[in-house]
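> Dropping the structure in here first, questions after.
Dropping the structure here:
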């Protein structure tokens, strides 16, 4: 019976979307939590990931592109960090504005290189087409996306929980003193985190491209939900980001069924509701970013 | 300090008054009008950014929404000019006040993050409510009706030069009012909050209430500017509400030196708009130049033009400032914005 | 891949002139003295060229189409200049990228009018841009040709005396399709509505014609702008078992929809009809994924008088362009510009009132298609014929651009909405401010 | 719990408890501060002195216990409300408005100015009662003549004095000073000692101090905190030769040396 099938499809879509958001949001939050920089270029880097894979995949194959594109994006991230570096310890607004400028510039670069028009990206051949599960059929590719996203989240979790860097990032690496006390090169760590965070945006961009198609502004579709996910989940909380991502994904997925046009707005309503109930987000501890 | 109009401001007013007669060829009157409109917006916004140290990043939303309040009132409620204009200001302040309730307890980038989110929320709202806003078509057909000014009689605002002076009047009034505000006790408090919110609290100031008030206030000026902008273009559109426009007003305050001087934003607006005008005719890809410019300013000109001039005027003191800040960043909560609040005295 | 750089040499040259003036102007503004600009103009009084503002997108949803549009206009202008201009004056284009954004468009048009002092204005893809531009033009009395936006509103509620609309509109496409679709494809229709003005108009028109031809609507789905994921919609369609899917979806969404429908095999579920199809949106898909039937007003493969010659000169001029052949978009751009210049010749002056009179009711014979078109005086819509088309199979294609095969055509009088249905209340010529001359 | 027979206390705490994460910083701290007396809170680093201040001034909320001001429970009040009641504090880490001149720093702290806080129109300089009061305070802390120097350009010693001046401007009913002497050379130390001495006549003062001579010479009442509990309190003389205190202090001294 179609209604049920539709509901299931929307649930699955929401789930996939949510995992994707979680990946973007985590990359974003790593940078936010460590450098106190709102990385505005996160979205355009996400887009770049997609565009790189668009150009690479035909030559090196999809899997290779999945690895190479994020590396390229991460590299760009490292370059950006050289500039962002100069804003540390100053008004946090400067970091935000710097990456904002970078976002505008990079978006224009996309226009110059790939043109202003949109591209649709077809899924890799081995996952083309749908699964047929009796009453419903579901895109194989989306399943792959979910799997990849989960794997990536696992990787980040391992990084945060099982490596000294993770310990510091969680401890709130904004306190340079403490990091140095632990005998870790702050500068190195910061660029590492920035590279990592942006690379994650790149990966997300690659795997999102076949679902969302590519246009120079596609980044905004990814980064704004990420912002919301972070606000909902609470800054500095891994599970907060995952939880927030899933919530936002599912809510917008399901609202697609009820109020298609409102689906984007719904996530903002969700955010407002959460803020009313828990000003610091679901799992956010009292953060140094507030009074 | 003259309590009403200090000298530099008087100069500013005179220059602005003279412009149309020098720029008698049409094209620039419109640019001049836009400059004054954005100046009102930027000056009001700087109350938040430069004086209270609250990096709001969704303010374009308020600038833009005013147009819809104005348009809706003129088309479907009262018609006329003054009531719609007032509706623009009040409606915007109302929305600002509501958002303020959420953000007033925040600061630093967490404050930015929330303001971004709410800004984008309003942006999407425009497209969802396209029955009222006209969606991406914009709310067009808004009229610049003639106004009867006691003494001057009826003024036909359709004429660009007349409209220029109509905006000019608001520009002068807003500037004076803002000048009073930043030098008032309230102004003292918000500048104190920027320097150390904890201390201000310890002195018995209910800082969230003050932050809420500044936020709402600056939204009021955004509303006024937005209303005039709508009249200038005979229509309200979503584009001014986009994140990029929100970024633009921040940049305007920064280029000019909003952190350093009361007049920073005005200078910033002039530089920005003229630059945009030139860049966008220079190349199809002006956004690239524009983005790079943005980055460059952050890296090399963080205190803006006037800030640079002040630095040049008293290098030694600036040196101390640096030292003091370096010392401070160690022990202050990082949410706080180093960098001096602009002096009332400009 | 760069859509804007394609005609760099030309674009730059026309660009430069504006640039210098604006530079001096802007510098002047900075310094507080602005009379250098106008003085330079005054000097060139003798044979002042006729300035035509081209408002064409190079950014946003309609970037590709906008540039196709512009190529047509530039060609028409160059041909006119080659013949020695109009009324002995040369024609000079001034292009601004309207970025598929109403607000940006208004700002830039404002600049074209007030600073560059253009005499006429041509160009629009999105009805969202066209409407405010025509209002702006009406306020100044500048004649504005809406070359390629096909929303009904711009010739009805939002019509203006100075505004002339060159593309066929929602009503015409839906109306032309109705009978043919019902006869050849089936009467169980499923409607997809792109959730913005154009889409809603198109669906309204589709329903109207469905009533006429006795087709039954088995379902409708709203497609929000920015939708990238159509899996659930495709599912709905499949379960509704329609014979025809009326996909009132445009731009990148249309492309994405086709991609996914193809991937899910939904293109086999029913006959897909895309009432309005701009060729540039078809190109990136390639013949396989560009399935379905659609309406169009022209394609370069048409074997009608003048089409060959026009195509040849276009290919010569735009060999380097992303789409080096003329299509329905660039053809509209060309015809609109050509007819404007001819109207000025007929009027013998550039004054707007006379030119408007010369345009209204004029019959255009050489339209490169089967039937002539008429500029309807009561709503300024160009009444014209419409082709029902499908994409060719790869085997039938002579070259990459040869994708479209016309399967039927509808004569103008059948295709165009009757005067009785018009909701247009236009200002009189007298009410329109005098401009130019 | 010591309940002195002396007049009703201005400020009083009952069984205060506060922990950060698992780590208990204060447990069952009950203190009473009698009017017009200078009480000192001493104890080794990490004893919980500053936390205690933050609880008293409302910058932290206790996990358990109450705080009473003039007999009224203020445990739930936010910092600004308490300040308006007259609980004024100075900070250990200097916390001044660095861009403000001495005058502006003090003036903005004056209640007369605070009451005008939402006045958007009158020039701040024209609020004469605040102006006069500020001038008086500045003279009182011995910064006369420096009124128009920006705080950030003053010497550390003078910034210390200003810190206290700002606290005083709030017309305190009780003045809490967190290590006023920390980092001071011997001369500014003297100025400060005299200042505090003068203040102590007719003002309830609570001071956190490390400098024993300062404490013992000035205070009427001494509280010794150690590992978050009160291990001793009483007149300076009694404290001087209190065994536990010795222990605690020698402990710390050793600790501070090695650290």
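Chains as they are written, first to last, in our numbering: chain A, 156 to 446; chain B, 348 to 693; chain C, 939 to 1375; chain D, 695 to 953.
Heads up, the beta-carbon is just placed ideally off N, CA and C, and yes, glycines get one too.
Is it true that the region 364-375 of chain A meets the region 191-200 of chain A, where meeting means three or more beta-carbon pairs spaced less than 8 Å apart?
In short, these stretches touch, since the Cβ pair count reaches three.
> Helix, strand or coil: which one does DSSP assign to residue 940 of chain C?
Interpretation of residue 940 of chain C is limited by its pLDDT of 37, a score under 50 that renders its predicted location unreliable; the figure taken from the coordinates is listed afterwards. Note: residue 940 of chain C maps to coil in three-state DSSP.
> Rounded to a whole number of angstroms, what is the C-alpha to C-alpha distance between residue 511 of chain B and residue 370 of chain A?
Between residue 511 of chain B and residue 370 of chain A, the C-alpha separation is close to 39 Å.
> By the DSSP assignment, the alpha helix (DSSP H) with residue 522 of chain B in it spans what residues?
From DSSP, the alpha helix (DSSP H) with residue 522 of chain B extends over 507-530.
> Out of B/458, B/635, B/387, state which residue places its alpha-carbon closest to the alpha-carbon of residue 405 of chain B.
Cα-wise, what sits closest to residue 405 of chain B is B/458.
> Checking contacts by CB at 7 Å: is residue 449 of chain B closer than that to chain A?
Interface residue, yes.
> Using the C-alpha atoms, what's the distance from residue 1332 of chain C back to residue 1224 of chain C?
Distance between the alpha carbons of residue 1224 of chain C and residue 1332 of chain C: 9 Å.
> My output table needs one value for residue 982 of chain C: the three-state DSSP class, helix, strand or coil.
Only weak support is given to the placement of residue 982 of chain C: the predicted model assigns it a pLDDT of 40, under 50, and the question is left unresolved by the model.
> Using 6 Å as the cut-off, classify the Cβ of residue 386 of chain A as near or not near the heavy atoms of the ligand NAD, replying yes or no.
The ligand NAD is absent from the structure shown, which contains no ligands of any kind.
> Taking the beta strand (DSSP E) that residue 1033 of chain C belongs to, which residues open and close that run?
Note, residue 1033 of chain C: beta strand (DSSP E), 1029-1035.
> For a test of the three-state rule: what should DSSP assign to residue 198 of chain A, helix, strand or coil?
The answer is helix: DSSP assigns residue 198 of chain A an H, G or I state.
> Could you name the residues of the same chain whose beta carbon sits closer than 7 Å to that of residue 803 of chain D, not counting the 5 residues immediately before and after it, in chain order?
860, 863, 864, listed in sequence order.
> When you compare the CB positions of residue 712 of chain D and residue 772 of chain D, do they come within less than 7 Å of one another, or not?
No, these two residues do not count as a Cβ contact at 7 Å.
> Whose CA, out of C/1148, C/1100, C/1031, C/1202, lies closest to the CA of residue 366 of chain A?
Answer by Cα proximity: C/1202.
> If the cut-off is 7 Å on Cβ atoms, which residues from the region 403-431 of chain A count as contacting chain B, listed in chain order?
Against chain B - using a Cβ distance shorter than 7 Å - the residues of the region 403-431 of chain A are 416, 417, 419, 420, 423, 426, 430.
> Verify the CB distance criterion: does residue 656 of chain B have a CB-CB separation below 7 Å to chain D?
Cβ-Cβ to chain D under 7 Å: no for residue 656 of chain B.
> How far does the beta strand (DSSP E) with residue 285 of chain A in it reach, from first residue to last?
From DSSP, the beta strand (DSSP E) with residue 285 of chain A extends over 285-288.
> According to DSSP, simplified to helix, strand and coil, what is residue 1377 of chain C?
Because chain C is modelled from 939 through 1375, residue 1377 of chain C falls outside the range shown and cannot be assessed.
> What's the gap between the Cα of residue 1109 of chain C and the Cα of residue 210 of chain A?
Distance between the alpha carbons of residue 1109 of chain C and residue 210 of chain A: 41 Å.
> Taking contact to mean at least 3 C-beta pairs separated by less than 8 Å, is the region 1066-1085 of chain C in contact with the region 1094-1112 of chain C?
Touching, per the Cβ criterion.
> Please classify residue 1316 of chain C as buried or exposed, where buried requires at least 16 neighbouring CB atoms within 10 angstroms.
Under this definition residue 1316 of chain C is an exposed residue.
> Could you give the distance in angstroms between the alpha-carbon of residue 1229 of chain C and the alpha-carbon of residue 578 of chain B?
For residue 1229 of chain C and residue 578 of chain B, the distance between alpha carbons rounds to 46 Å.
> Please report the straight-line C-alpha distance between residue 515 of chain B and residue 569 of chain B, rounded to a whole angstrom.
Rounded to the nearest angstrom, the two C-alpha atoms are 16 Å apart.
> Taking the straight line between their C-alpha atoms, what separation do you get for residue 837 of chain D and residue 806 of chain D?
One C-alpha to the other measures close to 21 Å.
> Comparing C-alpha positions only, which one of B/608, B/535, B/490, B/497 sits nearest to residue 506 of chain B?
Checking every option, the nearest Cα to that of residue 506 of chain B belongs to B/490.
> Mind checking if residue 467 of chain B is an interface residue toward chain A, Cβ cutoff 7 Å exclusive?
Yes - at least one Cβ of chain A is within 7 Å of the one on residue 467 of chain B.
> Please report whether the beta-carbon of residue 589 of chain B lies at a distance below 7 Å from any beta-carbon of chain A.
Cβ-Cβ to chain A under 7 Å: no for residue 589 of chain B.
> Below 7 Å on C-beta distance, what does residue 568 of chain B contact in chain D?
Per Cβ cutoff of 7 Å: no residues; residue 568 of chain B is ~13 Å from chain D at best.
> Helix or strand or just coil, what does DSSP make of residue 1214 of chain C?
It is coil, neither helix nor strand.
> What in chain B is Cβ-close to residue 769 of chain D, meaning under 7 Å?
Within chain B, no residue comes near residue 769 of chain D; the closest Cβ sits about 17 Å away, beyond 7 Å.
> Are there three or more Cβ pairs, one per stretch, closer than 8 Å when the region 259-269 of chain A is compared with the region 279-286 of chain A?
Contact fails: fewer than three Cβ-Cβ distances are below 8 Å.
> Does DSSP put residue 454 of chain B in a helix, a strand or coil?
It is coil, neither helix nor strand.
> Roughly how many whole angstroms lie between the Cα atoms of residue 1207 of chain C and residue 1184 of chain C?
Spanning the two alpha carbons is a distance of roughly 13 Å.
> Please state whether DSSP places residue 293 of chain A in a helix, a strand or coil.
It is a strand residue.
> Compare the C-beta of residue 415 of chain B against all C-beta atoms of chain C and say whether one is closer than 7 Å.
No, residue 415 of chain B lies away from the interface with chain C (no Cβ there is under 7 Å from its Cβ).
> Between residue 417 of chain A and residue 596 of chain B, is the Cβ-Cβ spacing less than 7 Å?
In this structure, residue 596 of chain B does not lie closer than 7 Å to residue 417 of chain A by Cβ.
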